[in-house]
DNA sequence: TCCCAGGATGTTTACGTACACACAGACGAT
DNA sequence: ATCGTCTGTGTGTACGTAAACATCCTGGGA
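Protein chains in written order, with the working numbering: chain A, 1 to 333; chain B, 1001 to 1333.
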């Protein structure tokens, strides 16, 4: 292995001067710097990351936690996060799975400088402790009301309300709902806004048309089949997220029902798939790339200064009407 | 920060004894070990990863390179890789993008112990050098014939041949092909097997029914539209991968054509989406989880002993017939 | 009873980098 | 001429862990 000492010897300077050239901030005479750079190239020198980390307490690495990478929403989010991190010269360690404890351990071991959680469901003691110690942690996409830390989310309540407005305005009265899991803030807020606005408009959500859709395709598919098999099925179904909406459409398709002729379907997230011809699903768009960039820059700020006050960024969302709803007049029931 | 020295002081032993307890291999008396473990818990001790790496030259971290994480195939592969790494106590650093040079640099800086490339397209000098230095590198999914390193792939030639057999046996004569990019071994081998077998069976692929489908949905969609808009369109189209097949189906749907009544579509990879009702696409299955496990265990072996001879694991693949082909009799043309 | 084997534990040091500090030389102000 | 300042560079050391080596102690065999 080639060390900075070897480079120093080759360039006829001290090891410290090599280090200064490396950091590119210290004062080094131009011709000395050139000599050192030449020696580095000649020796094929690469600084040893662990040694640098040892001194600086920085890893240039950020951890990202995702509950389920096979949900197409997360690859889209991850792509944007990865791009922002890459632009900032940071590496990305990925944890897949509902349990973020591995990531928190890594933070304690100094393997990463900070963490982005995209799928928190509750403020575990471990997470609460880390936040209390002012560890650099940003919640992206899903938030936690009770936790005082940086959070980057969208206004899911407003999104839910927008869907309610839309469905009532288009004349629906038998409105179904495939709800998500109980804990994620996204699912809770969407449901809350949806229910609240429906009630305000005089069409409170009928409990027998509300079914657990999970955040999974197969769960949503069978829930949709159950809804459609009733004597008086819903004319429109709002789904907790896009993956659920895809499942709902497939549930309808599996029964020979047509969307939107027999039933309207609305999702949430605007994953790429929903725009494809076979699905063409009305959904609520989140500004994924902007959110990812905001989360990354916020995290890097906090890594630089842990004393910053926690901030909550809430991005707007937008209803995108596609073929699963408006392109056909709503069937009268 | 709590160090092993603090723990040692608390337990009334030397720092080295703490280190021995940590490694769990050295000889430590049971009651001493208990005392040390108690002190660790009391102090909330976490070993400092960088310091350990400094001494052991091991990071317990593996890098994974993926060209495009939004292609649903890769999240499925990544999920399996992540699970296998997690089970082995390894962290995963992810690089998204066609360029793996960042990962190779990380290897040089000692940030990762080894690399898994899932989407190599060519043996760049950088990659060749790393392999020549016996760096732990495994190619997963896509291979490189000319590179002497560990590779875990499927028999894409056999897969291509199986599709040719199937289409000819079911009576197709006007067979279309949406080819993938030129470089990836998967695309090349599938095409080679497909062409070869078609020729053997007396139905060589007609060049005017072969179109560039890329490995992207939108490219495939418009290529399919072009094919179907011809005076004498194909009765079946084989696509370079599933994402391409999804695009092909959507291209057909966008023209009001029906699958399989108007045209058959076959993909490759068996991503979860292809089994969903709205697509229901015949495809060639790869044993994704097994491959991921093989790649991980192979990489860890090589990290342990760089002198192992390079090995190539080639897994079998299997044609899965679904609704995009066989469920309806092939229309006579 | 003595000695030695072998297990348990301690001491010293090195991994490669960057920080704190020291110091030499150049140059301008007094 | 003297002093102080500033720039460029070198010296010593510390980060936290684990390897190598040293040392202590216990117990069993002669």
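Virtual Cβ for every residue (Gly too), placed ideally from N, Cα, C.
Report yes if the C-beta distance between residue i and residue j is below 8 Å; otherwise report no.
i	j	result
residue 1209 of chain B	residue 1238 of chain B	no
residue 307 of chain A	residue 1277 of chain B	no
residue 1075 of chain B	residue 70 of chain A	yes
residue 1142 of chain B	residue 1120 of chain B	yes
residue 1203 of chain B	residue 1157 of chain B	no
residue 227 of chain A	residue 257 of chain A	no
residue 293 of chain A	residue 60 of chain A	no
residue 1289 of chain B	residue 1116 of chain B	no
residue 3 of chain A	residue 65 of chain A	no
residue 223 of chain A	residue 198 of chain A	no
Please work out which residues of its chain come closer than 6 Å, Cβ to Cβ, to residue i, disregarding the five sequence neighbours upstream and downstream, and give them in chain order.
i	result
residue 245 of chain A	239, 265, 267 and 281
residue 114 of chain A	62, 136, 299 and 303
residue 172 of chain A	235 and 236
residue 185 of chain A	142 and 143
residue 247 of chain A	217, 220 and 221
Alpha carbon to alpha carbon, how far is residue j from residue i? Give it in angstroms, no decimals.
i	j	result
residue 1193 of chain B	residue 279 of chain A	33 Å
residue 1269 of chain B	residue 1078 of chain B	14 Å
residue 322 of chain A	residue 201 of chain A	23 Å
residue 1144 of chain B	residue 1123 of chain B	7 Å
residue 9 of chain A	residue 1108 of chain B	21 Å
residue 1212 of chain B	residue 1099 of chain B	22 Å
residue 214 of chain A	residue 72 of chain A	15 Å
residue 216 of chain A	residue 134 of chain A	34 Å
residue 49 of chain A	residue 162 of chain A	49 Å
residue 1305 of chain B	residue 1298 of chain B	11 Å
residue 151 of chain A	residue 129 of chain A	17 Å
residue 153 of chain A	residue 189 of chain A	11 Å
residue 1259 of chain B	residue 1326 of chain B	11 Å
residue 233 of chain A	residue 218 of chain A	20 Å
residue 320 of chain A	residue 103 of chain A	35 Å
residue 68 of chain A	residue 1314 of chain B	28 Å
residue 32 of chain A	residue 1096 of chain B	38 Å
residue 1230 of chain B	residue 196 of chain A	53 Å
residue 1275 of chain B	residue 20 of chain A	57 Å
Quick check on residue i: does DSSP put it in helix, strand or coil?
i	result
residue 156 of chain A	helix
residue 1332 of chain B	With a pLDDT of 48 at residue 1332 of chain B, under the threshold of 50, the predicted position of this residue should be treated as unreliable, though the coordinate-derived value follows. Of the three classes helix, strand and coil, the one that applies to residue 1332 of chain B here is coil, per DSSP.
residue 260 of chain A	coil
residue 212 of chain A	strand
residue 84 of chain A	helix
residue 1226 of chain B	helix
residue 218 of chain A	helix
residue 1255 of chain B	coil
residue 237 of chain A	strand
residue 1044 of chain B	coil
residue 1128 of chain B	helix
residue 1113 of chain B	coil
residue 36 of chain A	helix
residue 265 of chain A	strand
residue 1270 of chain B	coil
residue 1250 of chain B	helix
residue 1108 of chain B	helix
residue 1136 of chain B	coil
residue 16 of chain A	helix
residue 244 of chain A	helix
residue 119 of chain A	coil
residue 29 of chain A	coil
Whose C-beta lies closer than 8 Å to the C-beta of residue i among residues of the same chain, with five residues either side of it excluded?
i	result
residue 1052 of chain B	1058
residue 6 of chain A	43 and 45
residue 82 of chain A	92
residue 254 of chain A	221 and 225
residue 1149 of chain B	1131, 1137, 1138, 1139 and 1310
residue 1316 of chain B	1154, 1155, 1158 and 1287
residue 1110 of chain B	1053, 1057 and 1059
residue 1182 of chain B	1188
residue 301 of chain A	308
Can you give me the Cβ contacts of residue i inside the same chain, cut-off strictly under 7 Å, excluding the 5 residues immediately before and after it?
i	result
residue 1333 of chain B	Since pLDDT at residue 1333 of chain B reaches only 45, below the 50 mark, its modelled position is unreliable, and the value read off the structure follows with that caveat. Closer than 7 Å at the Cβ level, and outside the excluded window around residue 1333 of chain B, lie 1174 and 1235.
residue 1105 of chain B	none
Sequence ranges, alpha helix (DSSP H) only - wholly within the region 138–210 of chain A, length at least 4:
The qualifying runs are 156–169 and 185–200.
Within the region 1276–1333 of chain B, note down every full beta strand (DSSP E) run reaching 3 residues or more, in order along the chain.
Unbroken beta strand (DSSP E) runs of no fewer than 3 residues, entirely contained in the region 1276–1333 of chain B, are found at 1283–1285, 1312–1315 and 1318–1320, following chain order.
Give the list of continuous beta strand (DSSP E) stretches no shorter than 3 residues that lie fully inside the region 55–106 of chain A.
61–66 and 91–96
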